[in-house]
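For the sequence shown, our numbering gives the first residue as 6, with consecutive numbering after it.
Note that beta-carbon positions come from the ideal geometry of N, C-alpha and C, so glycine has one too.
These numbers were taken from a predicted model, which means no experiment stands behind them.
For reference, the structure discussed in these notes is given below.
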Amino acid sequence: MIRSQTRVDKYAMPSVSSSCCKKGPGYATPLDAMQNGPREKVLYVAMVSCQENQPDYLATIDADPDSPDYQKVISRLYSPNINDEFHHFGWNACSSCHDDCSKERRFIVLGGFKSSNIYIPDRQDP
């Protein structure tokens, strides 16, 4: 179904300038994130085991160039199961709620492709 331009505009996301607080997670656009966002201090990477008897894990990598552990894996959160095959993951709150002060990107939602298991690690302590 093709929507008219009027309908699309009517249901469009509010701009950052119309938000009440501008303190929610994420940014209005990728350009907004590049221009106004801080550089990431850590990266989360799903690591899939090549050995079927070993669990996958979520690696936390230091991405702060001023840190002595820069570019190193600083934490590994192993799955309690084997054969999950971590696929892709996201946050409990998406960037579209960038203007909602009540939202926080605290939890990672991590799914197992083979197992259909879903893990929700708390990222407050990387």
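CA nearest to the CA of residue i, picked from the options
i, options, result
"residue 129", "123, 66, 92, 112", "112"
"residue 118", "77, 37, 88", "88"
Residues bridged to residue i [DSSP beta-bridge criterion]
i, result
"residue 81", "64"
Nonlocal neighbours in the same chain, by C-beta distance under 7 angstroms from residue i, ignoring five residues either side
i, result
"residue 54", "60, 61"
"residue 95", "114"
Range covered by the alpha helix (DSSP H) that runs through residue i
i, result
"residue 38", "35–41"
Rounded straight-line distance, which links the Cα of residue j to that of residue i
i, j, result
"residue 31", "residue 71", "24 angstroms"
"residue 68", "residue 52", "17 angstroms"
"residue 83", "residue 48", "16 angstroms"
"residue 35", "residue 75", "25 angstroms"
"residue 122", "residue 110", "21 angstroms"
"residue 56", "residue 106", "43 angstroms"
"residue 127", "residue 104", "22 angstroms"
"residue 41", "residue 58", "44 angstroms"
"residue 77", "residue 63", "14 angstroms"
"residue 93", "residue 39", "23 angstroms"
Beta strand (DSSP E) segment containing residue i, residue limits
i, result
"residue 49", "47–52"
"residue 125", "Taken as a continuous stretch (DSSP letters only), residue 125 belongs to no beta strand (DSSP E), as it is neither H nor E."
"residue 95", "91–96"
"residue 113", "113–117"
Near the ligand ATP: residue i beta-carbon under 8 angstroms from a heavy atom
i, result
"residue 31", "Of ligands this structure carries none, so the ligand ATP is not represented either."
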